[in-house]
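Here the structure comes first, spelled out in structure tokens, and everything after it is commentary.
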Amino acid sequence: MASVHESLYFNPMLTNGVVHANVFGVRDWVTPHKMALLVLLSELGRAGAQLGLLERRRLNRLLLPLLQGPDMALSRLRKAIEECCPHLAGSVHIRLKLMAEGELKDMEQFFDDLSDSFSGTEPEVHKTSVVGLFLRHMILAYNKLSFSQVYKLYTALQQYFQKDEKKDGADEMELTNPEELDGKMEKEELDGPLREEEIACSGPLSQKQAEYFLSQQASLLKNDETKALAPASLQKELNNLLKFNPDFAEAHYLSYLNSLRVQDVFSSTHSLLHYFDRLILTGAESKSNGDEGYGRSLRYAALNLAALHCRFGHYQQAELALQEAIRIAQESNDHVCLQHCLSWLYILEQKIFDSCVLLEHSVNKSLHFGLPYLASLGIQSLVQQRAFAGKAANKLMDALKDSDLLHWKHSLSELIDISIAQKTAIWRLYGRSTMALQQAQTLLSMNSLEAVNVGVQQNNTESFAVVLCHLAELHAEQGYFAAASEILKHLKERFPPNSQHAQLWMLFDQKIQFERAMNDGRYHVADSLVAGITALNSIEGVYRKAIVLKAQNQMSEAHKLLQKLLIHCQKIKNTEMVIRVLLSMAELYWRSSCHTIALPVLLQALALAREYSLQYLASETVLNLAFSQLILGIPEQALNILHMAIEPVLAHGAVLDKGCAMFLVAKCQVASAASYTPQKKTEALESAILNLNEAKTYFAKVDCKEQLRDVLYFQARLFHTLGRTQERNKCAMLFRQLHQELPAHGVPLINAFK
827 MASVHESLYF NPMLTNGVVH ANVFGVRDWV TPHKMALLVL LSELGRAGAQ LGLLERRRLN
887 RLLLPLLQGP DMALSRLRKA IEECCPHLAG SVHIRLKLMA EGELKDMEQF FDDLSDSFSG
947 TEPEVHKTSV VGLFLRHMIL AYNKLSFSQV YKLYTALQQY FQKDEKKDGA DEMELTNPEE
1007 LDGKMEKEEL DGPLREEEIA CSGPLSQKQA EYFLSQQASL LKNDETKALA PASLQKELNN
1067 LLKFNPDFAE AHYLSYLNSL RVQDVFSSTH SLLHYFDRLI LTGAESKSNG DEGYGRSLRY
1127 AALNLAALHC RFGHYQQAEL ALQEAIRIAQ ESNDHVCLQH CLSWLYILEQ KIFDSCVLLE
1187 HSVNKSLHFG LPYLASLGIQ SLVQQRAFAG KAANKLMDAL KDSDLLHWKH SLSELIDISI
1247 AQKTAIWRLY GRSTMALQQA QTLLSMNSLE AVNVGVQQNN TESFAVVLCH LAELHAEQGY
1307 FAAASEILKH LKERFPPNSQ HAQLWMLFDQ KIQFERAMND GRYHVADSLV AGITALNSIE
1367 GVYRKAIVLK AQNQMSEAHK LLQKLLIHCQ KIKNTEMVIR VLLSMAELYW RSSCHTIALP
1427 VLLQALALAR EYSLQYLASE TVLNLAFSQL ILGIPEQALN ILHMAIEPVL AHGAVLDKGC
1487 AMFLVAKCQV ASAASYTPQK KTEALESAIL NLNEAKTYFA KVDCKEQLRD VLYFQARLFH
1547 TLGRTQERNK CAMLFRQLHQ ELPAHGVPLI NAFK
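One point on numbering: in this note's numbering, the residue at position 658 of the sequence shown is 1484, and numbering is uninterrupted.
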């Protein structure tokens, strides 16, 4: 189950995806690219009514990303304009050519004519519009240039145009197919994120460009990390920004977020401290918050530092930083900061002992101070903790329903996603795969409430990754390995290996591969996957290693591992894994012919499963108890308890578990038929054959060859008893084929439930 506390990180840059940047000392200046935009605006005003409504609408949509984005090559600008209005693109090119190949006075005259756009009773451009502000900024910036600077600008314009002419000449020589000239620019090239080559060639960014760049990258890191620049490229660009203005506080914070992507604790700490240092040194906080601004920066700096240390597992350092934040917040009487501190205090205390007191107090205080976000996170954390404590599912769902009311009331889109992911994980914990599948589909079919740019994935969050991972595992359990592979492929594309949520799908991918290898009897392949699983989850890795050793008949080594794992899981109160370890130990005792020792172990597992409301594990434990009773010679009693446990397995279980359950039913039917009358015995054996056919179908679906071999052997014996020679020979032939393909470990057929 995913943690719900990732969103507690204080992020001063993001407010509805918008960065509040204040670049000190960085001005707008005139560049050749901006002059090309000025020519475009001038020609657009001249065209007037000649432009159609559709063309004008396209151009208007094109202008905003052009005005906000970094400088680009003239060829790409022309291509973008041609996409909207080919005639206007030609006019812009001719006008630029006349200016670049003319004299300096032509450029002077051009800037003098720009002021006419604002004249008249009905001006072409309003002074306060986006285009009007851009024109005024450029005119003002040009008028402030000295003569030498004007000449350098003119020289740069000539080079800008000549570079485009040379590129066009080279392209014409290289292209042999004229249809290649008709390729269209995708809309996402302008509306989407900036490409690395554009950033590298754009030179120093102006104030507006820097704000746009930071806003875009911060939004992408939150909503769709795959569309953001690569960590190294983004850091390089941020270093360039900080080279021109070291006091650019928001650039330091984006550097902090970027370092978190690659789990670089040193760089992230360094950037975070620089961010708050710059806020205090520049007085940005004090300007907006009065004298309280300095103290606010200090306490939130300590709070963020605590969150950072907690994220990297440095709990002692996190506790010290949190104590500092609490002290400063109490001195300033900042209740909002104190509630954030209380939430993080609960997380730190949870690492030491389980306590709901802090969390309940945090929820009540958050509701009192009107902090629905924190209150909802607290409720969901309580639900998570009580799910692990074995509370009834209906009570947990009622609590989540109350938090959902808060989400919809305040349009908390991210928490809606987290809530649905929580429900999916809870139903999986309780063994209700159908309900988990329903919740997963609900999240996948939802549209985010947050406004994001075109081409940006909306639900690219941890919740989305968790739900997709559960969905892949559910499909794999039902034998739909192709569908599971498609889901994992989608996860790999959406969350690349260097992204912060990639470890989720990596673990599920390794687990699915492990199960397939075990089903196929390729234990050496499964053993090679254990190292990868251990690196991502040490407990799962040790458990899987024990399973491989057990399959390879290395009973002593498997038992030692399971004993150590059992002690560790009991210590950390991982009840689900404790039950699974107990079931594996019981199977070891069966294989070692210690049937009486297995019974107390199974009863202990059953008591835990029922105490913690783990219905599916309880049903699986009952099946193991039925198998024990079969071994001990009381198949009638085994059949009675099988009818109690088999329904949840068939309704919510994995295909392999369904096959094992039906195989066990058939074994019990055959064992019980020994004392029946001949006619009744024949009916019982016929019923057992039908159950074996169903088990065979399940095993074939997951390609479990060892179990298929056992079923065929059992069926051949039953057909022989009934005198059905043709069916017996067919099963015997299929058994022989599988027996030659698979190694025989010499373990009696009756001594294995799975």
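For glycine and all other residues, C-beta sits at the position ideal for the given N, C-alpha and C.
Predicted model only: the values in this text are computed from it and were never measured.
When you compare only the Cα positions, how much space is there between residue i and residue j?
i            : j            : result
residue 1122 : residue 1351 : 55 Å
residue 1292 : residue 1125 : 33 Å
residue 1342 : residue 1373 : 13 Å
residue 856  : residue 922  : 15 Å
residue 1095 : residue 1137 : 12 Å
residue 1475 : residue 1447 : 11 Å
residue 1323 : residue 1082 : 19 Å
residue 1086 : residue 1333 : 20 Å
residue 896  : residue 878  : 29 Å
residue 1044 : residue 1345 : 45 Å
residue 1398 : residue 1248 : 21 Å
residue 911  : residue 881  : 6 Å
residue 1390 : residue 1371 : 12 Å
residue 1216 : residue 1559 : 49 Å
residue 858  : residue 964  : 12 Å
residue 1308 : residue 1057 : 32 Å
residue 1542 : residue 1310 : 34 Å
residue 1051 : residue 1035 : 21 Å
residue 1153 : residue 1091 : 25 Å
residue 1241 : residue 1269 : 12 Å
residue 1068 : residue 1061 : 10 Å
residue 1361 : residue 1236 : 40 Å
residue 1535 : residue 1364 : 33 Å
If residue i sits next to residue j, beta carbons under 8 Å apart, how far is it from one beta carbon to the other, in whole angstroms?
i            : j            : result
residue 1288 : residue 1327 : 5 Å
residue 1080 : residue 1040 : 6 Å
residue 1169 : residue 1188 : 5 Å
residue 1524 : residue 1484 : 5 Å
residue 951  : residue 866  : Actually they do not touch by this definition, with Cβ atoms about 13 Å apart.
residue 1481 : residue 1522 : In fact, because the Cβ distance is near 12 Å, the residues do not count as touching under 8 Å.
Skipping 5 residues on each side, what residues in its chain have a beta carbon closer than 6 Å to that of residue i?
i            : result
residue 1415 : 1423, 1424
residue 1472 : 1487
residue 889  : none
If you drop the 5 nearest sequence neighbours on each side, which residues of the same chain put their C-beta closer than 7 Å to that of residue i?
i            : result
residue 1532 : 1347, 1568
residue 1450 : 1409, 1412, 1428, 1579
residue 1404 : 1392, 1395, 1396, 1434
residue 1497 : 1456, 1461
residue 1218 : 1439
residue 1330 : 1291, 1292, 1295
residue 1088 : 1057, 1324
Does the Cβ of residue i have 16 or more other Cβ atoms within 10 Å, making it buried, or fewer, making it exposed?
i            : result
residue 933  : buried
residue 1102 : buried
residue 1227 : exposed
residue 1462 : exposed
residue 796  : No statement about residue 796 is possible, as the shown extent of the chain runs from 827 to 1580 and does not include it.
residue 925  : buried
residue 973  : exposed
residue 1194 : exposed
residue 1298 : buried
residue 975  : exposed
residue 1144 : buried
residue 1230 : buried
residue 1401 : buried
Compute the distance between the beta-carbons of residue i and residue j, then report whether it is under 9 Å.
i            : j            : result
residue 1132 : residue 1167 : yes
residue 1252 : residue 1209 : yes
residue 1147 : residue 1135 : yes
residue 1511 : residue 1548 : yes
residue 1317 : residue 1294 : yes
residue 914  : residue 893  : no
residue 1250 : residue 1477 : no
residue 1213 : residue 1203 : no
residue 968  : residue 983  : no
Any heavy atom of the ligand ATP closer than 8 Å to the beta-carbon of residue i?
i            : result
residue 1357 : What this structure holds is no ligand at all, so the ligand ATP is not there to describe.
Spatial neighbours of residue i within its chain, please: CB distance less than 8 Å, with the 5 preceding and 5 following residues excluded, ordered by chain position.
i            : result
residue 1340 : 1352, 1355, 1356, 1359, 1370
residue 1465 : 1452, 1491, 1494, 1495, 1498
residue 988  : 926
Indicate whether at least one CB of chain C lies closer than 9 Å to the CB of residue i.
i            : result
residue 1094 : Here chain C cannot be found, since the structure has a single protein chain.
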